[in-house]
Amino acid sequence: MKVGDLVKAKDPKTKYSWRRNMAEGVGIVIKARHRTKHTVHGCTVMWSVNRSIVDIPEDWLEVIND
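Residue numbers (this note's numbering): 21 to 86.
In structure tokens form, the structure reads like this:
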């Protein structure tokens, strides 16, 4: 994933909806793959719903760019 990619939680949503830092809707990657505080490899995402900025493992996300 790279900066500017639009992302959402991978399906099925129930698998990821309860996880820390996940939000409904679409997020935008604001910092590409890096070692995060809580994960080995993740990216920093700003979610559109609550405008929170969080670190999330890349494996939990899918890119939805056109």
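Ideal Cβ placement from N, Cα and C applies to all residues, glycine included. Quick caveat, the model's predicted, so the values are computed rather than measured.
Distance between residue j and residue i (C-alpha atoms, nearest Å)
i, j, result
"Ile73", "Trp67", "7 angstroms"
"Trp38", "Lys51", "23 angstroms"
Beta carbon of residue i nearer than 8 angstroms to that of residue j
i, j, result
"Met21", "Val83", "yes"
"Val65", "Gly24", "no"
"Glu44", "His61", "no"
"Lys57", "Asp31", "no"
"Leu26", "Asn70", "no"
"Arg55", "Cys63", "no"
Residue burial classification, residue i (beta-carbon count within 10 angstroms, cutoff 16)
i, result
"Ala29", "buried"
- Item | Secondary structure, alpha helix (DSSP H): runs of 4+ residues fully inside the region 24-77 | Within the region 24-77, the complete alpha helix (DSSP H) runs of at least 4 residues are 33-36.
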